[in-house]
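In what follows, a single structure is set out as structure tokens and then discussed.
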Amino acid sequence: MQETAAAYYIGVSPSKLRTLGIPRKISGGNFLFDIRDLDAWADALDYEGDEGWEDTSEVDRAFGIAAE
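Take 422 as the starting number for the sequence shown in this note's numbering and just add one per residue.
Written out as structure tokens, the structure reads:
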């Protein structure tokens with residue numbers, strides 16, 4: 422995937438993408454990114470506000486199907 426598309430895919434600017442250390446290949450002067458590397462980078466990010474998170478959702482509790 423070309424640099425501009427890769428940056429858009431993970432929600433950053435192309436210049437920011439270059440600083441993230443995600444592996445890339447060069448073909449004809451173009452930086453190319455493997456979507457699997459982009460996904461791995463995103464998967465490694467921390468979730469915001471996951472402290473105190475429970476597996477049981479409010480909807481599950483409302484319908485009485487919450488895991489005990």
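We treat Cβ as the ideally placed atom computed from N, Cα and C, and that holds for glycine.
The Cβ atoms of A427 and L441 lie no closer than 8 Å to each other. In the DSSP assignment, F452 forms a beta bridge with I447. Taking a C-beta distance under 8 Å as the contact criterion, Q423 and L459 do not qualify as a contact pair.
Non-local beta-carbon contacts of V433 in its own chain, meaning distances under 8 Å to residues more than five positions away in sequence, involve L441 in chain order. Leaving aside the five residues that flank G450 on each side, none in its chain has a CB nearer than 7 Å to its CB.
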